[in-house]
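Visitor:
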Amino acid sequence: MNGIYIMSEIGALAKSLEHTQKWDKNPYKERVLTYRFFKPKYNGKTTEGHTNLTTYTDEQKRIAKSVLDEIAQKTGLEFRIAQDDEAGNLVFANYDSKGSFAPGGYADYPPQSGTSQIWTNFDDMYRFNRLIRHEIGHALGLLHAPDTSDPNSVMSYNHVVEELQPADILALQNLYGRDTNDNTDDKRRLKRGTHIRRCGTERFIPPENYQKKLTLRGADDQEFASFSIDKENSMLRLHLNKKFKHGSYYTIISIANRKGAIVFQKNIKKNNRKYSRYEIPFSDGYQIKIVELAKESEDRLRISNDVTGMTEVLGEETNFLMTATGLQKQAVGHEIKNQTSEESHINDVAEGLKGGSKWNKEAHQERIILRYQYPTPQYDATTSKYNYTNLTGYTDEQKEITKSVLDEIAEKTGLAFSQVANDQDADLSFINYNTHGEGANAGFTDYLPASQMSTIGTDTFNHTNREIFRSLVSHQIGHALGLNHSSFHPRHDSVMSNSLDIARLQPVDILALQKLYGVNKPVPEPKLGVESLVQEMSAFVSSPGERVPAHQDQTEQYNKAFHLTKPTPF
0 MNGIYIMSEI GALAKSLEHT QKWDKNPYKE RVLTYRFFKP KYNGKTTEGH TNLTTYTDEQ
60 KRIAKSVLDE IAQKTGLEFR IAQDDEAGNL VFANYDSKGS FAPGGYADYP PQSGTSQIWT
120 NFDDMYRFNR LIRHEIGHAL GLLHAPDTSD PNSVMSYNHV VEELQPADIL ALQNLYGRDT
180 NDNTDDKRRL KRGTHIRRCG TERFIPPENY QKKLTLRGAD DQEFASFSID KENSMLRLHL
240 NKKFKHGSYY TIISIANRKG AIVFQKNIKK NNRKYSRYEI PFSDGYQIKI VELAKESEDR
300 LRISNDVTGM TEVLGEETNF LMTATGLQKQ AVGHEIKNQT SEESHINDVA EGLKGGSKWN
360 KEAHQERIIL RYQYPTPQYD ATTSKYNYTN LTGYTDEQKE ITKSVLDEIA EKTGLAFSQV
420 ANDQDADLSF INYNTHGEGA NAGFTDYLPA SQMSTIGTDT FNHTNREIFR SLVSHQIGHA
480 LGLNHSSFHP RHDSVMSNSL DIARLQPVDI LALQKLYGVN KPVPEPKLGV ESLVQEMSAF
540 VSSPGERVPA HQDQTEQYNK AFHLTKPTPF
C-alpha cells in the first residue's frame with residue numbers, strides 16, 4: 000500500500016497498538032494526568048541502569064508539552080503540570096548513553112495509579128521529536144506497531160515518522176474516548192467527528208465519502224498534495240505525498256474558520272519523505288489558504304481544480320472559500336461574507352435536530368402546555384428503560400435548574416409548562432438514578448407512546464457541578480420534546496451534541512424547537528380572580544334569583560388554553 004492506509008486498515012493497526020494496561024478513567028469525565036520535568040541526580044540511575052541524568056531543556060519541555068496538548072485536544076485525557084507536593088503521573092527526564100546500541104528512550108506502561116517514568120537519551124536529540132511521541136505513547140498504553148518499519152504509526156521504529164498518525168490517535172481514543180472538555184472555539188475546530196457521550200463506539204468517516212477537489216503539483220507534474228471534501232460530514236482531508244521539493248519552507252497550508260482564525264497550519268519544508276494525512280473540520284464559510292514561498296514562478300506549485308479541470312500556477316497566496324455550491328477561489332485579502340452561509344448552516348443543523356415525533360396540539364389551540372412533576376420513586380425500583388436502580392427524587396437545586404430550562408423554552412417557543420403534584424398525571428417526569436460510573440448512560444429519556452408520558456432520568460454519578468447537570472437535563476428535555484442528537488461536523492454549538500461541554504440551549508436548539516412548535520404566542524391567562532368571576536357571572540344573570548347558565552364560549556376558551564393533545568409521530 001506504499002504507506003497509505005484505508006480506514007479499515009487504520010482501525011486494525013490502532014487495535015494492535017492498544018495495551019491492556021491503561022490509566023483508570025471515568026467514561027463521562029476527562030481523565031486528568033499530572034506531569035513534571037524531573038530534576039534527577041546526575042550520577043543517579045534509571046530503572047534500566049542508565050546514568051548521566053539531566054532535566055529537560057526548555058526546548059524539550061516545549062515539545063513535550065505540545066505533544067500532550069495535541070493528545071488532550073483529540074482524546075478524553077487532559078494534562079496539567081504537577082504542583083510542588085505532587086509526584087506526577089508522567090515524569091520526564093534525560094539520560095546520556097552513547098553507542099550504536101544505546102536505546103533512544105523508554106517509558107513505563109500505565110500503572111492503575113501512580114507514576115510512569117519517561118526517559119529519553121540526550122545523546123539522541125536529533126530524533127527527539129519522534130522519540131518523545133513514541134515514549135509518551137507507551138506511557139499512555141500504546142504498544143509497538145507489529146510492523147516495526149510501518150510509516151503509519153509513531154509507535155514503529157521508522158525514523159521518518161515524527162508526528163502522531165491517525166492510527167495512534169484512534170488507539171488512544173479507543174482507550175480513553177474522545178475529547179469532552181473543549182472550552183474554546185478553536186479547540187472544537189480541531190476535533191474530528193463527534194464524541195460519543197454514553198458508549199465506547201467510535202465513528203470514522205469512510206474514505207468513499209471524500210471527493211477530491213484540488214490537487215497541488217510540482218514542477219515535475221507529480222502530485223504534491225490534494226484536498227478532498229466530505230460535504231455530508233463537513234470534513235476536509237489534506238493528503239501530503241512523499242516527494243517534496245528541496246529548499247527551505249516550500250509551502251504553508253492553513254485552514255481558517257468563519258471568524259478568520261487559523262485552526263490548522265502545516266509548514267512543508269526541505270526534503271520531507273513522509274506520507275501525511277490530516278482530517279480537519281471544514282464547512283461553509285471556512286477557507287483554505289496556500290502561501291507559496293518560492294521566489295521564481297517556475298519553481299512554484301501548480302494547482303488543478305479536479306471539478307473543472309482548470310490548472311494554474313500558484314501566486315504568493317491563494318485562497319479558496321467553502322460555499323454551499325463548492326470551493327470558490329477568492330482574491331487575496333478578500334473579506335469573508337459568512338452571514339448567509341452561517342445562517343444557512345444553522346438552519347440545516349436545526350432541520351437535522353428534528354426527530355420523528357413531537358407533542359401535537361389541536362387546530363384550535365394557541366399553545367401546548369405540558370405538565371411536569373418531580374416524583375419521589377422507590378429507591379430499589381427500576382426504570383422501565385435500561386432497568387436502572389438506586390432511584391431518588393430531584394434536589395431543590397436540580398428542580399431550580401430544570402425549571403429555568405423549561406422557562407427559557409417557554410419564553411422562545413410555542414410550548415408552555417405547568418408543574419403538577421406528584422399524584423397527578425404528568426407528561427414529563429424527572430428522576431435520578433445512580434450507576435456509580437459502571438459504563439452506563441449519563442442520562443436517558445423514556446418516551447412511551449402507550450402511556451403517553453416521558454420519563455427523564457439523569458445519573459447522579461455525573462452531577463459534579465451545576466453546569467454538567469444543566470447540560471444533561473437540557474439534553475434530555477430536548478429528546479423529550481422531539482430533538483435528535485446533533486451529528487454535524489464540525490458540530491454547531493448544540494446542547495444535543497454528544498458532549499458535556501455545552502451547558503445551555505444554543506440558538507440552533509431553539510430554532511429546531513421553533514420549527515416543531517412555532518414561536519411564543521402567549522395565551523391570555525383566564526380571569527379566575529373573585530372580582531372577575533363576579534363580573535363574568537353578573538353579565539349572564541338576567542334577573543335576581545335566575546340560575547346562572549354555564550357560558551359555553553368561556554368554557555371552550557379555557558379548554559383551548561389548557562387542553563393537551565399527546566404526542567403523535569409526524
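The opening position of the sequence shown corresponds to residue 0 in numbering that gives the first Met the number 0, with each subsequent residue numbered one higher. Even for Gly, the Cβ is constructed at its ideal location relative to N, Cα and C.
#1: Based on the DSSP output, what are the partners of Gly-104 in its beta bridges?
#2: Going by DSSP in three states, Val-419 sits in which element: helix, strand or coil?
#3: When you compare each of Ser-233, Gln-20, Gln-59 to Trp-571 by their alpha carbons, which one comes out closest?
#4: Mind checking Val-472: buried by the 16 CB within 10 Å criterion, or exposed?
#5: Excluding the 5 residues flanking Asn-42 on each side, which residues of the same chain have their C-beta closer than 7 Å to its C-beta?
#6: Using three-state DSSP, classify Asp-395 as helix, strand or coil.
#7: Assuming the contact rule is C-beta atoms closer than 8 Å, Val-290 and Ile-251 should be a hit. Round their C-beta distance to whole Å, please.
#8: What would DSSP say about Asn-173, mapped onto helix, strand or coil?
#9: Using only the alpha-carbon positions, how far apart do Ile-279 and Asn-25 sit?
#10: In three-state terms, what does DSSP make of Ser-65?
#11: Is Ala-11 helix, strand or coil when you go by DSSP?
#12: Using DSSP with H/G/I as helix, E/B as strand and the rest coil, what is Asp-229?
#13: For Ile-204, name the three-state secondary structure that DSSP assigns.
#14: Between the C-alpha atoms of Arg-301 and Ser-233, what's the straight-line distance to the nearest angstrom?
#15: Tell me whether the beta-carbon of Gln-286 lies closer than 8 Å to the beta-carbon of Phe-263.
#16: State the Cα-Cα distance for the pair Ser-541 and His-478, rounded to the nearest angstrom.
#17: What would DSSP say about Leu-52, mapped onto helix, strand or coil?
#18: Whole angstroms is fine: what's the gap from Ser-253's alpha carbon to Ser-303's?
#19: Quick check on the burial criterion: 16 or more other C-beta atoms within 10 angstroms. Buried or exposed for Lys-212?
#20: State the Cα-Cα distance for the pair Gln-513 and Thr-457, rounded to the nearest angstrom.
#21: Among Arg-216, Val-419, Ser-96, Asn-240, whose alpha-carbon lies nearest the alpha-carbon of Glu-311?
#22: Under 8 Å, Cβ to Cβ, is there at least one residue of chain B near Glu-69?
#23: Should Gly-354 and Asn-483 be called a contact, given that it needs their Cβ atoms to be closer than 8 Å?
#24: Give the secondary structure of Ala-255 by DSSP, where H, G and I count as helix, E and B as strand, and everything else as coil.
#25: Can you give me the Cβ contacts of Thr-19 inside the same chain, cut-off strictly under 6 Å, excluding the 5 residues immediately before and after it?
#26: Spell out a yes or no on whether the region 423-434 and the region 501-510 are touching, meaning 3 or more CB-CB pairs, one atom from each, closer than 8 Å.
#27: How far does the beta strand (DSSP E) with Gln-372 in it reach, from first residue to last?
#28: What residue from Thr-412, Tyr-277, Pro-376, Glu-407 has the CA that sits closest to Asn-151's CA?
#29: Would you tell me roughly how many angstroms separate the C-alpha atoms of Asp-146 and Gln-164, rounded to the nearest one?
#30: Is the beta carbon of Asn-173 sitting closer than 8 Å to the one on Glu-17?
#31: Hey, quick one: how far does the alpha helix (DSSP H) through Tyr-516 stretch, first residue to last?
#32: Alpha carbon to alpha carbon, what distance is there between Gln-423 and Arg-177?
#33: Compute the beta-carbon to beta-carbon distance between Arg-129 and Val-66, rounded to the nearest angstrom, for a pair I have assumed lies under 8 Å.
#34: Check whether the Cβ atoms of Ala-409 and Met-452 sit closer than 8 Å, and answer yes or no.
#35: Whose C-alpha, out of Ile-455, Gly-136, Leu-141, is nearest the C-alpha of Pro-374?
#36: Name the DSSP beta bridge partners of Gln-329, please?
Guide: Judging by the given coordinates:
#1: Mapped onto the sequence shown, residue 104 falls at position 105. Per DSSP, Thr-119.
#2: Taking the first residue of the sequence shown as position 1, residue 419 is located at position 420. If DSSP states are grouped into helix, strand and coil, Val-419 belongs with coil.
#3: Because the chain in this structure spans residues 0 to 569, residue 571 falls outside the shown range and cannot be described.
#4: Looking up residue 472 in the sequence shown gives position 473. So Val-472 ends up on the buried side.
#5: Indexing the sequence shown from 1 puts residue 42 at position 43. In the same chain as Asn-42, and ignoring 5 residues on each side of it, the C-beta atoms closer than 7 Å to its own belong to Thr-50, in chain order.
#6: Counted from its first residue, the sequence shown places residue 395 at position 396. Here Asp-395 sits in helix by DSSP.
#7: Within the sequence shown, numbered from 1, the residue matching residue 290 stands at position 291. Within the sequence shown, numbered from 1, the residue matching residue 251 stands at position 252. Yes, Val-290 and Ile-251 are in contact; Cβ-Cβ is about 4 Å, under 8 Å.
#8: As a position in the sequence shown, residue 173 is number 174, starting the count at 1. In the structure shown, Asn-173 falls within a helical segment according to DSSP collapsed to helix, strand and coil.
#9: Position 280 of the sequence shown, counted from the first residue, corresponds to residue 279. Position 26 of the sequence shown, counted from the first residue, corresponds to residue 25. Cα-Cα distance, rounded: 28 Å.
#10: Stepping through the sequence shown from its first residue, residue 65 is reached at position 66. The answer is helix: DSSP assigns Ser-65 an H, G or I state.
#11: Residue numbering aside, residue 11 sits at position 12 when the sequence shown is read from its first letter. The answer is helix: DSSP assigns Ala-11 an H, G or I state.
#12: Counting from 1 along the sequence shown, the entry for residue 229 is found at position 230. Three-state result, Asp-229: strand.
#13: As a first step, residue 204 must be located in the sequence shown, where it is residue number 205. For Ile-204, the pLDDT reaches just 37, beneath the cut-off of 50, and the residue's location in the model is therefore unreliable, leaving the point undetermined.
#14: Counting from one through the sequence shown, the residue named residue 301 turns up at place 302. Counting from one through the sequence shown, the residue named residue 233 turns up at place 234. Approximately 26 Å, taken between the alpha carbons.
#15: As a first step, residue 286 is located in the sequence shown; it is residue number 287 there, counting from the start. As a first step, residue 263 is located in the sequence shown; it is residue number 264 there, counting from the start. Cβ atoms of Gln-286 and Phe-263: not closer than 8 Å.
#16: In the sequence shown, residue 541 corresponds to position 542, counting from 1. In the sequence shown, residue 478 corresponds to position 479, counting from 1. Because Ser-541 sits at a pLDDT of 41, beneath the cut-off of 50, its placement in the model cannot be relied upon, and the following sentence gives the value as read from the coordinates. Rounded to the nearest angstrom, the two C-alpha atoms are 53 Å apart.
#17: Position 53 of the sequence shown, counting from 1, holds the residue named residue 52. Correct three-state label for Leu-52: coil.
#18: Within the sequence shown, the letter at position 254 stands for residue 253. Within the sequence shown, the letter at position 304 stands for residue 303. In a straight line, the C-alpha of Ser-253 is about 18 Å away from that of Ser-303.
#19: Position 213 of the sequence shown, counted from the first residue, corresponds to residue 212. When all chains shown are included, Lys-212 counts as buried.
#20: Along the sequence shown, one-based indexing puts residue 513 at 514. Along the sequence shown, one-based indexing puts residue 457 at 458. Approximately 25 Å, taken between the alpha carbons.
#21: In the sequence shown, residue 311 corresponds to position 312, counting from 1. Answer by Cα proximity: Arg-216.
#22: Here chain B cannot be found, since the structure has a single protein chain.
#23: Counting from 1 along the sequence shown, the entry for residue 354 is found at position 355. Counting from 1 along the sequence shown, the entry for residue 483 is found at position 484. Taking 8 Å as the Cβ cut-off, Gly-354 and Asn-483 qualify as a contacting pair.
#24: Taking the sequence shown and counting its residues from 1, one reaches residue 255 at position 256. Ala-255 falls in the strand class under three-state DSSP.
#25: The sequence position of residue 19 within the sequence shown is 20, counting from 1. Once the five neighbours on either side are set aside, Thr-19 has no close Cβ partner at all.
#26: no
#27: Residue numbering aside, residue 372 sits at position 373 when the sequence shown is read from its first letter. Start and end: 367-372.
#28: Along the sequence shown, one-based indexing puts residue 151 at 152. Selected option, being the one with the closest Cα: Tyr-277.
#29: For the purposes of this step, residue 146 is identified with residue 147 of the sequence shown, where counting begins at 1. For the purposes of this step, residue 164 is identified with residue 165 of the sequence shown, where counting begins at 1. Spanning the two alpha carbons is a distance of roughly 15 Å.
#30: Within the sequence shown, the letter at position 174 stands for residue 173. Within the sequence shown, the letter at position 18 stands for residue 17. Against a cut-off of 8 Å, the Cβ pair of Glu-17 and Asn-173 comes out as a contact.
#31: On the sequence shown, residue 516 is found 517 positions in, with the first residue counted as 1. Start and end: 506-516.
#32: Stepping through the sequence shown from its first residue, residue 177 is reached at position 178. Stepping through the sequence shown from its first residue, residue 423 is reached at position 424. Rounded to whole angstroms, Arg-177 to Gln-423 spans 42 Å at the Cα level.
#33: For the purposes of this step, residue 129 is identified with residue 130 of the sequence shown, where counting begins at 1. For the purposes of this step, residue 66 is identified with residue 67 of the sequence shown, where counting begins at 1. In fact, because the Cβ distance is near 11 Å, the residues do not count as touching under 8 Å.
#34: For the purposes of this step, residue 409 is taken as residue 410 along the sequence shown, with counting starting at 1. For the purposes of this step, residue 452 is taken as residue 453 along the sequence shown, with counting starting at 1. Cβ atoms of Ala-409 and Met-452: not closer than 8 Å.
#35: On the sequence shown, residue 374 is found 375 positions in, with the first residue counted as 1. Residue Ile-455 is the option with its Cα nearest to Pro-374.
#36: Walking along the sequence shown from the start, residue 329 turns up at place 330. Gln-329 pairs with Asn-318.
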